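Right, one structure below, let's go through it.
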Amino acid sequence: MRVLVIGSGAREHALLLALSRDPGVSALMCAPGNAGTAEIAEQHSVDVASKDAVVALAKSLAADLVVIGPEVPLVLGVADAVREAGIACFGPSADAARIEGSKAFAKDVMASAGVRTAHSEVVDTPARLDEALDRFGPHWVVKDDGLAAGKGVVVTTDRDIARAHAAELLESGHPVLLESYLDGPEVSLFCLVDGETVVPLLPAQDHKRVGDGDTGPNTGGMGAYTPLPWLPEETVAEIVENVVEPVAAELVKRGSPFSGLLYAGLAIGKDGPAVVEFNCRFGDPETQAVLALLDSPLGELLNATATGTLDSVAPPRWRDGAAVTVVLAAEYYPATPRTGDVITGADAEGVLHAGTKSVDGKIVSAGGRVLAVVGVGADLAGARADAYEKLAGVGLPGGHYRTDIGLAAVEGRISI
Ligand code: GLY
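So the sequence shown is numbered by this note's numbering: it starts at 67 and just counts up by one.
Right under this line is the structure:
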């Protein structure tokens, strides 16, 4: 099977690495990729948001399967175009991708499916902002109503900060979503979904704030770990039964069946799991940790999902132990990351590339999240030690990372 992966982050690097371990994958291609993906896949340039460009590339490469990593092409209907061209595609239709692209659609689907989620209101004019803010608090959750790569979210107990963020979004023409605050530790549960068939992967936890101790602004994600030692064993099955299956069934009922990776972001409160958000693709950086423990052929799972035969393949097998991924970010990330810095040690095992490119034989930073270093171990403490040891071998001027990825779980400080 010839597989083309679309995207350029560490998530795509992780997908390619896992695909490269699948004996059923005969050729690996990536577009547009980064300096790391170029080492394991044939690299091509492409405008990921262009249906015509992705279809033309997939045809020219005789791809049997196209795997779309990021949400933007999915929301724009690139997966539909690939399928219409007769090529199997891992990734939902534009209709189904609204579960991420339109928060109003996601809320409506959840209401119909009876899924617990935060109460929310959309504010689209500054004139309504103050009265709406008064209906929320003491924690305010202020989101960009459109796609914002995780960076459009502010969670605060300070009304002035909430107001300022909402006003800034409105001024730049973005409707604002205000949400009630969901208490409890967060879980990212990725599920392969093919219509009403739902196959969960290992649960993971992301660290969204830029600084240790969950301080500073939200980012696209600074690190993740899996599995979650504090999560009761039965919770994944409960989430599948009470959240993901009803949502998948509701999408089928609406004529927008989901095919691909449905990512449920949940808060596990004392009343059970409640949905924070859905995403229509693999999460970054959780994918880097989750796939490090996958012991099944990834190509077979993705192809089965893409071709509507997920119910006929064996469920994924997992290696024992734990995995941790730590993101190395560029100076000034997430505000205005500096690019063009020379990176050293980026070719070591377990170092996945995100914002990197090759210039005159050197690897230089080309984005906010530059690398994602993956550690594995017999337990979470061992995986953390492995990740930070690998990170010590990497150099990036001005680079910064969190030192506490997975630490609260290791120290038993997470409870429901
Ligand atoms: N881990 C956050 C995201 O992928 O959106």
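Note that beta-carbon positions come from the ideal geometry of N, C-alpha and C, so glycine has one too. As the structure is a computational prediction, the values presented were derived from the model and not from experiment.
Apart from sequence neighbours up to five positions away, the residues of its chain that approach P241 with a beta-carbon distance below 6 Å are V188, D190 and D211, ordered along the chain. Non-local C-beta neighbours of A172 in its own chain, meaning closer than 6 Å and more than five positions away in sequence, comprise I165 and F344, ordered along the chain. Between V148 and V120, the C-beta gap is smaller than 9 Å, which places the two residues in contact. In summary, Y398 is exposed, with fewer than 16 beta-carbon neighbours lying within 10 Å of its beta-carbon over all protein chains present. Between A170 and C155, the beta carbon gap of about 26 Å keeps them out of contact (Cβ cut-off 8 Å). In this structure, DSSP gives I305 a helical state, which the three-state scheme calls helix. Not one heavy atom of the ligand GLY is found less than 8 Å from the C-beta of D211. The Cβ-Cβ distance between Q354 and L418 falls below 9 Å. In the structure shown, A396 adopts coil according to DSSP, grouped into three states. Within the same chain, and ignoring the five residues on either side of K456 in sequence, the residues whose Cβ sits closer than 7 Å to its Cβ are A414, G416, V417, V439 and G441. Boundaries of the alpha helix (DSSP H) around G167: A160 to G167. In this structure, the C-beta of Y291 stays at least 8 Å away from each heavy atom of the ligand GLY. Per the coordinates, the alpha-carbon of D350 lies some 35 Å from the alpha-carbon of E197.
Taking non-hydrogen atoms of the ligand GLY into account, the C-beta of S254 is found less than 8 Å away from one of them. The three-state secondary structure of Y454, taken from DSSP, is helix.
Taking A101 as the centre and dropping the five residues before and after it, the same chain places the C-beta of H419, T422, K423, S424 and I429 closer than 6 Å to its C-beta, in chain order. Taking the CA atoms as reference points, A370 sits about 45 Å from A233.
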